[in-house]
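Heads up: the structure comes next, in structure tokens.
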Amino acid sequence: MQITIFNSYLKRSILTLCVLVTGTFACLQSSTAEEPRKAKLDWNKPIAVASIASIDRVLEDIDYLFGTVDKPEYPAMIKGFLAQYRNLEGLDKTKPLGVFVFLNEGVSPQPTVVGFVPINNLDELTATLDEVGFVLAPVEGSKDRYTLALPNFSVHLKMAHGYAFFQLKSEALDRDFYNPDDFTRALAKEYDIAGSLLLSNVPEPMRMMAVDLLNAKMDESLPRKPGENDIQYRGRKETTLFLLKQFEMIAQDGDNLTIGYTLSKDKKQIRLNMGVDAKPGTKLSDELKTLSQASSQYSYLNAKSADFLGYSLLPLRKDVEQKTIIDLLEQSQVNIPPVLMGDESNPGPVYKIMESVKATIRSGKLDSQIQMLQTSKEKPALIASVKLSEGDVFKKGVQDFFELIAQAEDTNGMEGNVAEVEGVTIHKVAPKDLKKNAKDFFGENPVIFIGCGPDECWLAMGEEESLDLLKKNISDRKSHSGEKKPGASFLLSLKFASIIPLVEDTAKNREFIESAKVAFAPGGDLMTFYPKITANRASLNLELGEGFIRLISLAIANR
């Protein structure tokens, strides 16, 4: 259930960002804009920009990329190719280049894409273009206007601010361009390649038109689908309405929406980022300020310390997730034997457990974590925990359950009170008749340990040694009590080298598996995904260690 809720929550976040881009550009293509334009709209401001940090940055990245697998011949080949064309003399290889998207002035504005490249010497650029048979010539009677004659067509250029703006149509350059540095400086500082939808420059009627378009599409999907039960329908409907609300808030209050990529030699990683900045003093900025103060109590955990790590602080809305989960819990109670369930006047073990779980759900948030660690036998052990409301009631219910089981002739491998650490009582369950794949994964004799404390429930699964790992994690949790990273509500990390043995025998692409072994052997196999929320920005981030850089390099080199 937790995984289902998380997937739904994550989809909302990603779809909210993605749909805004799609919806806005869909409206830009419309030829039937009906709402009036604001009279003082600055048509010279771009509504979107995409840029590469610089040619030098690209060449540095190529050097680093192939340097990770000791393949210097590939950068040398590229540099040799550029040398044939005067090393692109005339271009400023230290500044960004890219494209702007503008709206053409009119009742029904259409988008126009204009490219820009930095120029430091026009004469040198002319000579470089001559080298490849392209003719750059000034337009007679038009200051700073040029044409570039290519084999099958011509490109029109306009020089301004140390840049050449270019387009196939001459009239597309009939505007007073802003300096590209004003729009690319921040992007180039943060990313190698980036694109940004400048929401503040998109006219409000057009942004709201995108909202109306999405609203109409979502209205079509709201009716109940065949075979959908009440819980499924209510969950889908509320999620859809929530998505629309978030979309409208970003369209109304968002300043810009940015997608970026960077290859960092210093950090030895690839980073992908998608984020939205809020206009100050808006409803969106107020919401981000609130969210930036929320952190999982497990955010102290280090992604590098586990083969797999996931922690999350999930909000549970009263009429959606809370109601859905509690309805499911109450429906399941009818199948529980009375001796375990009891009732309000004489609560049984499961009744007490259920009361604590319901109180946790009604708290409006679910804070949990799960890790996959390695035992000394190099077998995985899973360690998980969740923060509880009325944890003492949960602890008493579990204690009563194991005491009740102990009275039976056959305890089915259940043993209570096998250990205690930091106020957490640990019980043991030794499952019988495990399937072969479970033994292959966890070891020959895997067991389950359940730890109950005053405000947490712990779970460990693996061989007997997993008890020591569980104890260590409980102690670490105690020593890091109160340590939270601001705005760290979710993280998911995975060391890819740890899963290669699990998929190696069934993998269809053997060549890829062998390349992955080579790439990840020196380390750098960590993939981390997390949202980051500050007082004015929300972003989704994916970080890939240096092993992935080696894997990309090997894929190119082995083609």
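Numbering (the working numbering), first residue to last: 4 to 562.
C-beta atoms are modelled at their ideal positions from N, C-alpha and C, and glycine is treated no differently.
Any idea if E406 is buried or exposed, counting beta-carbon neighbours within 10 angstroms, 16 or more meaning buried?
Flag for E406 reads exposed.
Can you give me the Cβ contacts of I262 inside the same chain, cut-off strictly under 6 Å, excluding the 5 residues immediately before and after it?
For I262, where only same-chain residues beyond five positions count, the Cβ hits under 6 Å are G198, M277.
When we look at the beta-carbon of D443 and count the other beta-carbons within 10 Å, is it buried (16 or more) or exposed?
Exposed.
Which residue spans inside the stretch 53-111 form an unbroken beta strand (DSSP E) run of at least 3?
Listed in chain order, the complete beta strand (DSSP E) runs (minimum 3 residues) inside the stretch 53-111 are 100-106.
Could you tell me if E38 is buried or exposed, where buried requires 16 or more neighbouring beta carbons within 10 angstroms of its beta carbon?
Its pLDDT being 41, under 50, E38 is placed unreliably in this model, and the value from its coordinates should be taken loosely. Classification for E38: exposed.
What does a CB cutoff of less than 8 Å around Y12 pick up in its chain, not counting 5 residues either side in sequence?
Because Y12 sits at a pLDDT of 37, beneath the cut-off of 50, its placement in the model cannot be relied upon, and the following sentence gives the value as read from the coordinates. Only L317, P318 meet the Cβ criterion.
Buried or exposed for S371, please, with buried defined as at least 16 other CB atoms from any protein chain shown within 10 angstroms of its CB.
The residue is buried, with at least 16 neighbouring Cβ atoms inside 10 Å.
With hydrogens ignored, establish whether the beta-carbon of K438 is closer than 7 Å to any heavy atom of the ligand FAD.
Summarising the ligand content, the structure contains no ligands, and the ligand FAD is consequently not present.
Please report the straight-line C-alpha distance between Y264 and S57, rounded to a whole angstrom.
If you take the alpha carbons of Y264 and S57, they lie about 13 Å apart.
With N476 as the anchor, note down where its alpha helix (DSSP H) starts and where it stops.
Taken as a continuous stretch (DSSP letters only), the alpha helix (DSSP H) holding N476 covers 469-482.
For E546, which of helix, strand or coil comes out of DSSP?
It is a strand residue.
Hey, out of E549, Q249, E333, E486, whose CA is closest to S302's CA?
Nearest option by C-alpha distance: E486.
Please state if the CB of K48 and the CB of Y166 are separated by a distance shorter than 8 Å.
Against a cut-off of 8 Å, the Cβ pair of K48 and Y166 comes out as no contact.
Three-state secondary structure (DSSP) at K307?
Residue state, collapsed to three classes: helix.
Taking only the alpha-carbon atoms, compute the straight-line gap between D346 and C455 and give it to the nearest angstrom.
Computed Cα separation, rounded: 22 Å.
DSSP three-state label for T378, please.
Reduced to three states, the DSSP call for T378 is coil.
Below 8 Å on the Cβ atoms is my guess for S379 versus E468; work out the distance and round it to an integer in Å.
At roughly 6 Å, the Cβ-Cβ gap stays under 8 Å, so S379 and E468 are in contact.
Considering Y236, what are the terminal residues of the alpha helix (DSSP H) in which it resides?
233-256 is the span of the alpha helix (DSSP H), which, as asked, contains Y236.
Between S556 and K82, which are expected to be in contact by the criterion C-beta below 8 Å, what is the C-beta distance as a whole number of angstroms?
Actually they do not touch by this definition, with Cβ atoms about 17 Å apart.
Quick check: the stretch 500-515 against the stretch 533-547, are at least 3 beta-carbon pairs closer than 8 Å?
Taking 8 Å as the limit for Cβ pairs, the verdict is that the stretch 500-515 does not touch the stretch 533-547.
Does DSSP classify L202 as helix, strand or coil?
The answer is helix: DSSP assigns L202 an H, G or I state.
Is P352 helix, strand or coil by DSSP?
Three-state result, P352: helix.
Using a threshold of 8 Å, state whether the C-beta atoms of A297 and S288 are closer than that.
The answer is no: Cβ separation not under 8 Å.
For I516, name the three-state secondary structure that DSSP assigns.
Note: I516 maps to helix in three-state DSSP.
Let me confirm a value: E549 is counted as buried when at least 16 other C-beta atoms fall within 10 Å, else exposed. Which label applies?
So E549 counts as buried.
Please return the same chain residues whose Cβ sits closer than 8 Å to the Cβ of K326, not counting the five positions on each side in sequence.
Correct list, in chain order: R237.
To the nearest angstrom, how far is the alpha carbon of L1 from that of N420?
Any property of residue 1 remains undetermined from this structure, which presents the chain solely from 4 to 562.
Quick test of the definition: if touching needs 3 or more C-beta pairs under 8 Å, does the stretch 82-99 touch the stretch 109-123?
Segments in contact, yes.
On a Cα-Cα basis, can you pick out the residue from G118, A519, I50 that is closest to I503?
If we check each option's Cα against that of I503, A519 comes out closest.
What residue does the beta strand (DSSP E) around P504 start on, and which one ends it?
Per DSSP, P504 belongs to no beta strand (DSSP E); it is in the alpha helix (DSSP H), 503-506.
Can you look up T428 in the DSSP assignment and give me helix, strand or coil?
Looking at T428 - three-state DSSP - the assignment turns out to be strand.
DSSP state of A500, grouped into three classes?
Note: A500 maps to helix in three-state DSSP.
In whole angstroms, what is the alpha-carbon distance linking L543 and P141?
So the alpha carbons of these two residues sit roughly 46 Å apart.
Could you check if I559 is buried or exposed, using at least 16 other CB atoms within 10 Å of its CB as the buried criterion?
By the neighbour-count rule (16 or more Cβ atoms within 10 Å), I559 is not buried but exposed.
One question on the structure: do L472 and K498 come within less than 8 Å of each other, judged by their Cβ atoms?
No, they are not a contact pair.
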